[in-house]
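Undergrad: Just so we're aligned: 86 in this note's numbering is position 97 of the sequence shown, and the numbers increase by one with no gaps anywhere.
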Amino acid sequence: MRADARRNRERIVASALELFAARGCAVGMDDIAREAGLGVGTLYRHFPDRRALVEEIAVSALLRFRDRIAELREGGVPAGEALALAVEHCAGEPFALIKSLAGDGPAPAGRLEVQAEVDALLAKLAAEAQAEGAVRRDIGPAEVIEIVSLAVCRPGVRAGDPVIRVMLDGLRARA
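1. Rounded to the nearest angstrom, what separates residue 3 and residue 42 at their Cα positions?
2. For residue 124, which beta-bridge partners are listed by DSSP?
3. Quick test of your reading: residue 148 and residue 80, contact by CB under 8 Å. State the CB separation rounded to the nearest angstrom.
4. Does DSSP classify residue 82 as helix, strand or coil?
5. Using three-state DSSP, classify residue 99 as helix, strand or coil.
6. On the three-state DSSP scale, how would you describe residue 16?
7. I'd like to check one pair, residue 120 with residue 133: are the Cβ atoms closer than 9 Å?
8. For residue 65, which of 126, 15 and 118 has the nearest alpha-carbon?
9. Got a sec, what are the start and stop residues for the alpha helix (DSSP H) residue 141 sits in?
10. Between residue 97 and residue 9, which are expected to be in contact by the criterion C-beta below 8 Å, what is the C-beta distance as a whole number of angstroms?
11. Please return the same chain residues whose Cβ sits closer than 6 Å to the Cβ of residue 26, not counting the five positions on each side in sequence.
Rendered as C-alpha cells:
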C-alpha cells in the first residue's frame, strides 16, 4: 500500500474511533470521512461499508488486548493484578463496537479466531488468579469472562470507570 493511502486509512480509523467514543456506535460514514478530512469516496475505497470499518477496528482492539495480557504475563505480573490491569486496559478500547456487530450477521473468521484466542487467554488468566487466591473461586473462568464483558463492552467506558471498579472489587477473593 502506498504511503499516502496508508495514512488516509489510518486517518479514517482514528477519526472513526474518536467519533464512536464521542457519539456511540451510530456514527455515519459521511461524518467519519468529514472528521478525517477526506472525501466519502476515499473512505469507501478503503472500506466498502461501515461493517468492514468496524470489523477492522474490532480486530485491532482485540489484538491490542491480547498483546496487553501477554505483556503482563511475560512481565511476571501476578495473575490477579494482571487480570485487573488487563480489564482496566479495556476502558480505552472500543469493545462496545464488537457487541454492536453481534446482531449484524455472522462474524468473519478472522475476528472469531482472535476473539477465541483472547477468551482463552482471559480464561487462563482468571483460573491462575483464582489459583493464587486473588479472585473468588465460586465462579468459573467462563463466568469471569462474561462479567468482564458486561463491564467493558458498554458505550462510553473510560479509565476509572466506576462499573469496572465495582466489578473488579466483586471478583476479588475475600479473606
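Beta carbons are placed, not taken as given, at the ideal position from N, Cα and C, and that holds for glycine.
TA: On the basis of the data shown:
1. Position 14 of the sequence shown holds residue 3. Position 53 of the sequence shown holds residue 42. In a straight line, the C-alpha of residue 3 is about 11 Å away from that of residue 42.
2. Your numbering for residue 124 matches position 135 in the sequence shown. DSSP output for residue 124 lists 161 as bridge partner(s).
3. Counting from one through the sequence shown, the residue named residue 148 turns up at place 159. Counting from one through the sequence shown, the residue named residue 80 turns up at place 91. That pair is a contact at about 5 Å.
4. On the sequence shown, residue 82 is found 93 positions in, with the first residue counted as 1. Reduced to three states, the DSSP call for residue 82 is coil.
5. Taking the sequence shown and counting its residues from 1, one reaches residue 99 at position 110. Helix at residue 99.
6. The count along the sequence shown starts at 1 and reaches residue 16 at position 27. Looking at residue 16 - three-state DSSP - the assignment turns out to be coil, as it is neither helix nor strand.
7. The residue given as residue 133 occupies position 144 in the sequence shown. The residue given as residue 120 occupies position 131 in the sequence shown. Going by C-beta atoms, residue 133 is not nearer than 9 Å to residue 120.
8. Translated into the one-based positions of the sequence shown, residue 65 becomes position 76. The shortest C-alpha separation from residue 65 is found at 118.
9. Counted from its first residue, the sequence shown places residue 141 at position 152. Unbroken alpha helix (DSSP H) run through residue 141: 130 to 141.
10. Here the question's residue 97 lines up with position 108 in the sequence shown. Here the question's residue 9 lines up with position 20 in the sequence shown. The Cβ separation is near 19 Å, so there is no contact.
11. Locating residue 26 in the sequence shown gives position 37, where the first residue counts as 1. Closer than 6 Å at the Cβ level, and outside the excluded window around residue 26, lies no residue.
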